[in-house]
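Undergrad: Please find one structure pasted underneath; my questions will follow.
What follows is the structure in structure tokens.
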């Protein structure tokens, strides 16, 4: 009798496991979505993986009730993570993020979405070569942040030293503001994503370099989370990464071009959807299909 009861419990448990395996993940997602707050600092097409995952319903499909928040700089993103206000920060390996780890924040790069230096360095037409940047004003979003780091890596590649060569950093704002600052002659050059870089080039400004062609290894865009979150709620991190992978696949599907462009135009506050096309074309080549963090780029 006892043996038969054990067999029944075993068969009931086995049936339950089999049934669970065949229930679509979407049903679990609909039943109890997990809250997840993502911050990002780079207002350009690099952050498009987040915009698309939100607008195309990909986060929701993977069981996440996601909020995507643009923060002023990486310092704000790190502070929000440290205070438990957010779950993930999507950004670059910068002095701010590495410094936060060195200062004791149990931070981990859990994914590498872009594992190279990318974007454009745009200057006024009078600057014809990197050496002409000596004594010039360069716009950044914050000292120690992503744009500053991208600029420093480009300068190192070109043999420039800001202190020695009297290159002045000016804290301007996000990339849309830096593009305006260039047109107003408040700065002489700045790192810009491909969308804003193409806009400036159409207005007669010079793209001094496509940084992706310089071959500089770098953790260009990664997903960061506190280790305590990974220990406490590993399923939230897993759902987030699955959503990122699907968002990249969605972006790379030509059938979704207009959908991606509309999302990009909305989030970058572009006047026309057509202005997002150059950024969209670059997005198809930016993201890695295997989103492992780049150890060489950290």
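Residue numbers (my numbering): 113 to 410.
Just so you know, even glycine gets a beta-carbon here, dropped at the ideal spot from N, CA and C.
Note that the coordinates shown come from a computational prediction; the quantities given were computed from them, not determined experimentally.
Rounded to a whole number of angstroms, what is the C-alpha to C-alpha distance between residue 354 and residue 174?
TA: Within the chain shown, residue 354 is the residue found at index 242, counting from 1. Within the chain shown, residue 174 is the residue found at index 62, counting from 1. Using only the alpha carbons, I get a separation of about 7 Å.
Undergrad: Could you name each continuous alpha helix (DSSP H) segment of 4 residues or more that falls completely within the stretch 158-218, going from the start of the chain to the end?
TA: 160-167, 170-173, 186-194, 207-214
Undergrad: Would residue 338 and residue 220 qualify as a contact pair, given that the criterion is a beta-carbon distance under 9 Å?
TA: Along the chain shown, read from residue 1 onward, the residue named residue 338 stands at position 226. Along the chain shown, read from residue 1 onward, the residue named residue 220 stands at position 108. The answer is yes: Cβ separation under 9 Å.
Undergrad: Residue 169 to residue 162, Cα distance in whole Å?
TA: On the chain shown, position 57 is the one that residue 169 refers to. On the chain shown, position 50 is the one that residue 162 refers to. Approximately 11 Å between the Cα atoms of the pair.
Undergrad: In this structure, does DSSP put residue 394 in helix, strand or coil?
TA: Stepping through the chain shown from its first residue, residue 394 is reached at position 282. Residue 394: helix per DSSP, three-state reduction.
Undergrad: I need the straight-line Cα distance from residue 327 to residue 144, nearest angstrom please.
TA: Counted from its first residue, the chain shown places residue 327 at position 215. Counted from its first residue, the chain shown places residue 144 at position 32. Each residue's Cα considered, the two are about 44 Å apart.
Undergrad: Let me know the secondary structure DSSP gives residue 132 once reduced to three states.
TA: As a first step, residue 132 is located in the chain shown; it is residue number 20 there, counting from the start. Summary for residue 132: the model assigns pLDDT 37, below 50, so the residue's position carries little reliability, and this model does not support an answer.
Undergrad: So residue 259 packs on residue 317, CB below 8 Å; how close in whole Å?
TA: Taking the chain shown and counting its residues from 1, the one referred to as residue 259 is at position 147. Taking the chain shown and counting its residues from 1, the one referred to as residue 317 is at position 205. Going by Cβ atoms, the distance from residue 259 to residue 317 rounds to 17 Å, so no, they are not a contact pair.
Undergrad: Between which residues of its own chain and residue 310 is the CB-CB distance below 6 Å, once the five residues before and five after are set aside?
TA: Start at 1 with the first residue of the chain shown, and residue 310 comes out as number 198. Excluding residues within five positions, the ones whose Cβ falls inside 6 Å are 390.
Undergrad: Buried or exposed for residue 184, please, with buried defined as at least 16 other CB atoms from any protein chain shown within 10 angstroms of its CB.
TA: As a working mapping, residue 184 is identified with position 72 in the chain shown. Residue 184 comes out exposed.
Undergrad: In terms of alpha-carbon separation, which member of 148, 189, 263 lies closest to residue 172?
TA: For this step, residue 172 is matched to residue 60 along the chain shown. Taking only the C-alpha atoms, the option nearest residue 172 is 148.
Undergrad: Starting from the C-beta of residue 321, find all residues in its chain whose C-beta is less than 6 Å away, skip the five residues before and the five after it, and write them out in chain order.
TA: Here residue 321 refers to the residue found at position 209 when the chain shown is read from its first residue. Counting only Cβ-Cβ distances below 6 Å, and skipping sequence neighbours, we find 233.
Undergrad: May I ask you to verify whether the stretch 380-389 touches the stretch 184-203, counting CB pairs closer than 8 Å and requiring at least 3?
TA: no
Undergrad: Take every Cβ of the stretch 365-376, pair it with every Cβ of the stretch 342-349, and state whether three or more of those distances are shorter than 8 Å.
TA: no
Undergrad: Under a Cβ-count criterion, where at least 16 other Cβ atoms within 10 Å of its own Cβ denotes burial, should residue 283 be classed as buried or exposed?
TA: For this step, residue 283 is matched to residue 171 along the chain shown. Residue 283 is exposed by the Cβ-count criterion.
Undergrad: Compare the Cα-Cα distances from residue 308 to each of 269, 334, 154 and report the closest residue.
TA: As a working note, residue 308 is residue 196 in the chain shown. Measuring from the Cα of residue 308, the nearest candidate turns out to be 154.
Undergrad: Can you give me the C-alpha to C-alpha distance between residue 265 and residue 150, rounded to a whole angstrom?
TA: As a position in the chain shown, residue 265 is number 153, starting the count at 1. As a position in the chain shown, residue 150 is number 38, starting the count at 1. C-alpha separation (whole angstroms): 26 Å.
Undergrad: Which one of 217, 263, 202, 213 has the shortest CA to CA distance from residue 231?
TA: Walking along the chain shown from the start, residue 231 turns up at place 119. Nearest option by C-alpha distance: 263.
Undergrad: Over the uninterrupted beta strand (DSSP E) stretch that includes residue 303, give me the two end residues.
TA: On the chain shown, residue 303 is found 191 positions in, with the first residue counted as 1. Note, residue 303: beta strand (DSSP E), 301-304.
Undergrad: So within the stretch 253-295, which uninterrupted alpha helix (DSSP H) runs reach at least 4 residues, ignoring any that extend past its ends?
TA: 258-270, 287-295
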